[in-house]
Amino acid sequence: GPEIRTGFLKDGKPVQLKEGQEIIISTDYTLKGDGNTITMSYKKLPVDLKPGNTILCSDGTITLTVLSCHPDKGTVRCRCENTAVLGERKNVNLPGVVVDLPTLTEKDKEDILKWGVPNKIDMIALSFVRKGSDLVHVRQVLGPHAKTIKLMSK
Numbered sequence: 009g010p011e012i013r014t015g016f017l018k019d020g021k022p023v024q025l026k027e028g029q030e031i032i033i034s035t036d037y038t039l040k041g042d043g044n045t046i047t048m049s050y051k052k053l054p055v056d057l058k059p060g061n062t063i064l065c066s067d068g069t070i071t072l073t074v075l076s077c078h079p080d081k082g083t084v085r086c087r088c089e090n091t092a093v094l095g096e097r098k099n100v101n102l103p104g105v106v107v108d109l110p111t112l113t114e115k116d117k118e119d120i121l122k123w124g125v126p127n128k129i130d131m132i133a134l135s136f137v138r139k140g141s142d143l144v145h146v147r148q149v150l151g152p153h154a155k156t157i158k159l160m161s162k
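Under the numbering used here, the first residue of the sequence shown is numbered 9, with each subsequent residue one higher.
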């Protein structure tokens, strides 16, 4: 399934974030992050977030609080709630925020139909399941194989 990730950093070097520090998150994934600005792969970040929301990075080891959102610039201004080191391409979680990401990517569909079904998989574990229709969609992709493959919502 889809994942939101932090981007690449200048010279590939991890950045030190300090508790209380303000940081800008840009959705321009071509930028290389530094101690003042980092990037995230989710284009709708400044639209879907609002001040007060929490952003968890790197398996929850970094907590950011949203201070302001700027959809026109594709940026979100945050405060770091703890001192930590951020590396490249770390996972991002947005607790309580409805993210507009598909349950299955095109690559997932291809992997399931070209590898999973021929190899008789028993189960598919799905990230970002938000509603029942997400599971119905996966069953439609599976077609006649939907009867024999279990779905697990993570």
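C-beta atoms are modelled at their ideal positions from N, C-alpha and C, and glycine is treated no differently.
CA-CA distance, residue i and residue j?
i	j	result
residue 116	residue 80	32 Å
residue 123	residue 89	43 Å
residue 91	residue 69	9 Å
residue 106	residue 126	34 Å
residue 82	residue 76	12 Å
residue 130	residue 26	45 Å
residue 73	residue 152	45 Å
residue 65	residue 46	11 Å
residue 97	residue 156	35 Å
residue 67	residue 101	8 Å
residue 28	residue 86	10 Å
residue 84	residue 40	16 Å
residue 54	residue 71	17 Å
Can you tell me whether DSSP reads residue i as helix, strand or coil?
i	result
residue 41	strand
residue 137	coil
residue 24	strand
residue 75	strand
residue 157	coil
residue 106	coil
residue 147	helix
residue 93	strand
residue 84	strand
Is residue i buried or exposed, if buried means 16 or more other CB atoms sit within 10 Å of its CB?
i	result
residue 103	exposed
residue 38	exposed
residue 99	exposed
residue 44	exposed
For residue i, tell me which candidate among the options has the shortest Cα-Cα distance.
i	options	result
residue 18	95, 137, 55	95
residue 15	27, 34, 139, 28	34
residue 134	159, 61, 121, 58	159
residue 128	84, 137, 154	154
residue 108	57, 86, 24, 29	57
residue 118	30, 23, 149, 32	149
residue 137	120, 162, 121	162
residue 23	132, 93, 84, 54	93
residue 20	42, 36, 84	42
Do the segment 144 to 152 and the segment 101 to 114 touch if we need at least three Cβ pairs shorter than 8 Å? Yes, the segment 144 to 152 is in contact with the segment 101 to 114.
Under 8 Å: do the segment 10 to 27 and the segment 40 to 51 share three or more Cβ pairs, one atom per stretch? The segment 10 to 27, when compared against the segment 40 to 51, does touch it at the 8 Å Cβ threshold.
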